[in-house]
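**Q** Dumping the structure here so I can ask a few things about it.
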Amino acid sequence: MAVKKKLNMRKRYEVLTRGMGWDTTYQPMDKVFPYDKFEGIKIKDWSGWEDPFRLTVDSYWKYQAEKEKKLYAIIDSFAQNNGHLNVSDGRYVNALKLFIQGVTPLEYGAHRHYAHLGRHFRGEGTRVACQMQSIDELRHCQTQLHTLSHYNKHFNGMHDPFHMFDRVWYLSVPKSYFEDAMTAGPFEFITSISFSFEYVLTNLLFVPFMSGAAYNGDMATVTFGFSAQSDEARHMTLGLEIIKFMVEQHEDNLPIIQGYIDKHFWRAYRVLALIAMMQDYMLPNSPMSWNEAWQIYYVENMGALFNDLSRYGLRMPKYSDVATAEAEHLSHQTWSDFYNFTHAASFHTWMPDDRKMDWLSEKYPNTFDKHYRPRFEQWREMEKAGERHYFKGLPQLCQTCQIPMFFTEVMSDPMKISRRVSMYKGDRYHTCSDGCKDIFENEPEKFIQAWLPVHQIFQGNCGGADLSDVLKYYHLNEGEDNMEYVGSPDHKRWQEWKGEDKQDETATG
Ligand code: FE
Ligand code: ZN
267 MAVKKKLNMR
277 KRYEVLTRGM
287 GWDTTYQPMD
297 KVFPYDKFEG
307 IKIKDWSGWE
317 DPFRLTVDSY
327 WKYQAEKEKK
337 LYAIIDSFAQ
347 NNGHLNVSDG
357 RYVNALKLFI
367 QGVTPLEYGA
377 HRHYAHLGRH
387 FRGEGTRVAC
397 QMQSIDELRH
407 CQTQLHTLSH
417 YNKHFNGMHD
427 PFHMFDRVWY
437 LSVPKSYFED
447 AMTAGPFEFI
457 TSISFSFEYV
467 LTNLLFVPFM
477 SGAAYNGDMA
487 TVTFGFSAQS
497 DEARHMTLGL
507 EIIKFMVEQH
517 EDNLPIIQGY
527 IDKHFWRAYR
537 VLALIAMMQD
547 YMLPNSPMSW
557 NEAWQIYYVE
567 NMGALFNDLS
577 RYGLRMPKYS
587 DVATAEAEHL
597 SHQTWSDFYN
607 FTHAASFHTW
617 MPDDRKMDWL
627 SEKYPNTFDK
637 HYRPRFEQWR
647 EMEKAGERHY
657 FKGLPQLCQT
667 CQIPMFFTEV
677 MSDPMKISRR
687 VSMYKGDRYH
697 TCSDGCKDIF
707 ENEPEKFIQA
717 WLPVHQIFQG
727 NCGGADLSDV
737 LKYYHLNEGE
747 DNMEYVGSPD
757 HKRWQEWKGE
767 DKQDETATG
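What follows is the structure, encoded as structure tokens:
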């Protein structure tokens, strides 16, 4: 074979991707690719797709293998040196419990569905991008499981996250969001996950988690975060590229895409309520508050992005103003809810100590002292009197986001519960906000099918009528995984390791 000049990366990539595509002849293309037209998105020319990352499969494996080697070297040494003993406080690990229960299964869902997209878009460039993301997501799922398995040996509540993901009430929030996207068409899915989630909101998930891990001495989690970050950069580029590609292809696409952006911004944002409380309350040392993160990553950065996108006719997601007004309330309201329902959660809650209370006052000058400090001080008093309370009964859930109805009218009366009602075929449906109400009313046939954990318990589908029955059905060990942190087995073990068990118990935190 004659020696030829080596192709440059771009050419090589084109030959190895688009060059390998073909139009079918035995069967019509529409039968081979049945999904990418029914949403009404019109693509005139798939070759107009600009590949966001020109990575051939061989170089992809090489890069990823390098990252794996580094990650596994670090988590090995973390395990051998009992790295869990160096985190700021035993409470910190509850953030990891929420992560492995609520986020890791989403990585797996993303793996599955990007593989589906990798089969079903008829443009080769788009297919390759989705296939690579699919492999990335499987790797994220695996590296998270491997990293956090060390904590699972020493702390409760992390033993069966995938079983819990399909059943436990608060995990149906991320699950229903992701499955909403997975049961939509390919363009809606990719707008939802690649754009609304990965481009618009990803910093609000990963920055607090990873810098939170660094601030609390958890080098294992920091490392898997870094290992995922270069993948994330590609995913974000894909998110932006797909949006631009769709609007450039046909003017009819614009209103459909804006609708997807509005819907999935709100759905993804609602899931982030869990992150807001994790960031402000579960991290003993918080690098920044939820409100600060929201101002930087959403108001400023996404404000600039949508300024840029306005030349395509796109605007900021609907109800961005509500989310911004809510930023001063979100973490406090969510933590209050979990404090009341931890008897049915696979992690612990607690009341903030004085240091944390002061930090919250400083970070939330308009709302914390006025609305939340008095409530929390009262609950601390009750704890001291031996009356740590749990809410007896089951809450009303939002039909769309599935979160208990504890959000308030942040634009007008922040102490008034926000509740919206829709009638459909003679039945009444409740939603938590205008955002969730719009989503319900745009697709009522989809959302009346929602698997609402509270309704399922009442219908007898969750193991029985008693709390104990339900916890068994969740695979949650009563008295170990759930309830208050102070006095829990996790807490006691932590105190033994740290030699704190001989000191005053009330001084921790
Ligand atoms: Fe991922
Ligand atoms: Zn809702």
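According to the working numbering, the sequence shown is numbered sequentially starting from 267.
Beta carbons: idealized from backbone N, C-alpha and C, even for Gly.
Under a Cβ-count criterion, where at least 16 other Cβ atoms within 10 Å of its own Cβ denotes burial, should Q293 be classed as buried or exposed?
**A** By the neighbour-count rule (16 or more Cβ atoms within 10 Å), Q293 is not buried but exposed.
**Q** Could you give the residue range of the alpha helix (DSSP H) that holds S343?
**A** V323 to Q346 is the span of the alpha helix (DSSP H), which, as asked, contains S343.
**Q** Can at least three beta-carbon pairs, one atom from the stretch 698–712 and one from the stretch 662–675, be found at a separation below 8 angstroms?
**A** Touching, yes.
**Q** Inspect the beta-carbon positions of I307 and M448 and report whether they are closer than 8 angstroms.
**A** Taking 8 angstroms as the Cβ cut-off, I307 and M448 do not qualify as a contacting pair.
**Q** Taking 5 angstroms as the limit, tell me which residues put their C-beta closer than that to any heavy atom of the ligand FE, in chain order.
**A** After applying the 5 angstroms Cβ criterion, the set is E373, E403 and H406.
**Q** For the stretch 535–580, which segments carrying the alpha helix (DSSP H) assignment without a break, of at least 4 residues, lie completely within its bounds, in sequence order?
**A** 539–543, 556–559 and 567–575, all fully within the stretch 535–580.
**Q** Residue range of the beta strand (DSSP E) that V687 falls in?
**A** Note, V687: beta strand (DSSP E), R686 to Y690.
**Q** Within 10 angstroms of its Cβ, does S325 collect 16 or more other Cβ (buried), or is it exposed?
**A** Burial call: exposed.
**Q** Tell me which residues pass a beta-carbon proximity test against the ligand ZN: closer than 6 angstroms to any heavy atom, given in chain order.
**A** Result: R536, C664, T666, C667, I669, T697, C698, S699 and C702.
**Q** In the DSSP output, what is I523 paired with across the bridge?
**A** None, per the DSSP bridge assignment.
**Q** According to DSSP, is E750 part of a helix, a strand, or is it coil?
**A** The answer is strand: DSSP assigns E750 an E or B state.
**Q** Would you report the Cα separation of Y605 and G287, rounded to the nearest angstrom?
**A** Y605 and G287: Cα-Cα distance of roughly 55 angstroms.
**Q** D484 and Y358: beta carbons closer than 8 angstroms?
**A** For D484 and Y358, yes; Cβs fall inside 8 angstroms.
**Q** Return yes when the Cβ of A610 is within less than 8 angstroms of the Cβ of S442, no when it is not.
**A** Not a contact, by the Cβ cut-off of 8 angstroms.
**Q** Pull up the distance between the alpha-carbon of G692 and that of R405, whole angstroms please.
**A** Their backbone Cα atoms lie some 46 angstroms apart in a straight line.
**Q** For P680, report the span of its beta strand (DSSP E) as first-last.
**A** Its beta strand (DSSP E) spans residues D679 to I683.
**Q** With distances taken between CB atoms, is the gap from K333 to S493 smaller than 8 angstroms?
**A** Cβ distance < 8 angstroms, so K333 and S493 count as in contact.
**Q** According to DSSP, is H386 helix, strand or coil?
**A** In this structure, H386 counts as helix in the three-state DSSP scheme.
**Q** With 16 as the cutoff for other CB atoms within 10 Å, does L372 come out buried or exposed?
**A** L372 comes out buried.
**Q** Roughly how many angstroms lie between the CA atoms of Y690 and H721, to the nearest whole one?
**A** Near 18 angstroms, if we compare the C-alpha coordinates of H721 and Y690.
**Q** What does DSSP give as the partner residues of P670 in its beta bridges?
**A** DSSP lists L663 as partners of P670.
**Q** Measure the Cβ-Cβ separation of K510 and Y578 and say whether it is below 8 angstroms.
**A** In contact: K510 and Y578 (Cβ atoms closer than 8 angstroms).
**Q** Kindly indicate which three-state DSSP category Y739 falls into: helix, strand or coil?
**A** If DSSP states are grouped into helix, strand and coil, Y739 belongs with the helices.
**Q** With a cut-off of 8 angstroms, do at least 3 Cβ pairs link the stretch 412–426 to the stretch 591–606?
**A** As far as the Cβ criterion goes, the stretch 412–426 does not touch the stretch 591–606, which means the pair count is below three.
**Q** Using 8 angstroms as the Cβ pair cut-off and three pairs as the minimum, do the stretch 612–628 and the stretch 572–592 touch?
**A** The stretch 612–628 is not in contact with the stretch 572–592.
**Q** Whole alpha helix (DSSP H) runs in the stretch 434–516 with 4 or more residues, listed along the chain?
**A** Within the stretch 434–516, the complete alpha helix (DSSP H) runs of at least 4 residues are 438–448, 452–456, 468–481 and 485–515.
**Q** Could you give the distance in angstroms between the alpha-carbon of P755 and the alpha-carbon of E746?
**A** Their Cα atoms are separated by approximately 6 angstroms.
**Q** So, for F548: in the same chain, excluding its five sequence neighbours on each side, which residues have a beta-carbon less than 6 angstroms away from its beta-carbon?
**A** Note that residue 548 is Met in the sequence shown here, rather than Phe. Result list for M548: N360 and A361, in chain order.
**Q** Among all the DSSP beta bridges, which residues are the ones paired with E675?
**A** D679, per the DSSP bridge assignment.
**Q** Do L437 and F428 have their C-beta atoms within less than 8 angstroms of each other?
**A** No. Outside cutoff.
**Q** What residues in its chain sit with their C-beta under 7 angstroms from that of V752, if we drop five residues either side in the sequence?
**A** Answer for V752: W616, listed in chain order.
**Q** Secondary structure at H696, three-state DSSP: helix, strand or coil?
**A** Strand, per DSSP.
**Q** Where do the N-terminal and C-terminal ends of the alpha helix (DSSP H) with N360 fall, by residue?
**A** From DSSP, the alpha helix (DSSP H) with N360 extends over V359 to G368.
**Q** Do H637 and P670 have their beta-carbon atoms positioned less than 8 angstroms apart in this structure?
**A** Contact flag unset, no.
**Q** Check whether the Cβ atoms of A539 and L504 lie closer than 8 angstroms to each other.
**A** Not closer than 8 angstroms, so no.
**Q** Please classify V687 as buried or exposed, where buried requires at least 16 neighbouring CB atoms within 10 angstroms.
**A** So V687 ends up on the exposed side.
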